[in-house]
Amino acid sequence: MTFNIGDKVSVLDDDFTGVVVGFQKDQILIETEDGFKMAYAANELIKEQNISDLNSFTSNQSISQVLKEKELPPKRSFAKEKKSRKDEFVLEVDLHIEKLVPSKRGMSNFDILNLQMETVKRQLDFAIRNRMPKVVFIHGVGEGVLKAELDFLLGRYDGISFQDANYQKYGLGATEVYIKQNPNR
13 MTFNIGDKVS VLDDDFTGVV VGFQKDQILI ETEDGFKMAY AANELIKEQN
63 ISDLNSFTSN QSISQVLKEK ELPPKRSFAK EKKSRKDEFV LEVDLHIEKL
113 VPSKRGMSNF DILNLQMETV KRQLDFAIRN RMPKVVFIHG VGEGVLKAEL
163 DFLLGRYDGI SFQDANYQKY GLGATEVYIK QNPNR
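Each number in this note's numbering comes from the position in the sequence shown (counting from 1) with 12 added on.
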């Protein structure tokens, strides 16, 4: 930056203002408002017009605008609805014989049906004991023998209701059991 005699200047590191009155080697001589003459390097001075340029720049923006720009945006909330673990978990019991035993060789239809019904009783009692609200028994379509036996067994239980399970999820071959929770238990 070049300075000329008569330029109004401010000293960067001191609280002095003055007017350029001369030059000495690589120093600029200024006369302060109090009448003192001092020498400074060019990088220690700033022209007054530049200061007024800075003031006009900052005064064009209100303090509230500047503070608003500095504010952190509000944090996004990623909180999900809290659900009970029991509400999330649905016990699904697949009653297809190949899911229950490694091999059905040597088993009669009567043996297979008895094993399936014992599995239903055991799993339903487990769900009731553990206060699970819902159990789905997947029985398949077949000839309807297992479904008929299942309906008969479920009809003998107090405190439960049952219906065909969600068709979109299970198709026609599943029964949904709702366990009514007794608050006194």
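Glycine residues also receive a C-beta, built at the ideal position from the N, C-alpha and C atoms.
Presumed contact (8 Å Cβ cut-off) between Gln193 and Arg141, rounded CB distance: About 12 Å; that fails the 8 Å criterion.
Can you give me the C-alpha to C-alpha distance between Lys87 and Leu103, rounded to a whole angstrom? 38 Å
Here's a check: name, in chain order, each residue in its chain whose Cβ is nearer than 6 Å to the Cβ of Glu188, leaving out the five neighbours to either side. Val148, Gln175, Ala177
Contacting residues, own chain, Cβ-Cβ under 8 Å from Thr44 (five flanking each side not counted): Phe28, Thr29, Gly30, Met50
Could you tell me whether any non-hydrogen atom of the ligand SAM is closer than 8 Å to the CB of Gly34? Among the components of this structure there are no ligands whatsoever, and the ligand SAM is therefore not found.
Expressed to the nearest angstrom, what Euclidean distance is found between the alpha-carbon atoms of Gln77 and Leu84? 14 Å
Just the C-alpha distance for Glu56 and Asp25, rounded to the nearest angstrom, thanks. 7 Å
Contact check, Val21 vs Glu60 under 8 Å by CB: the rounded distance? 6 Å
With which residues is Val157 paired in a DSSP beta bridge? DSSP, once it has assigned bridges, lists no residue as partnering Val157.
Exposed or buried, what is Ala160 when buried is set at 16 or more other beta-carbons lying within 10 Å of its beta-carbon? exposed
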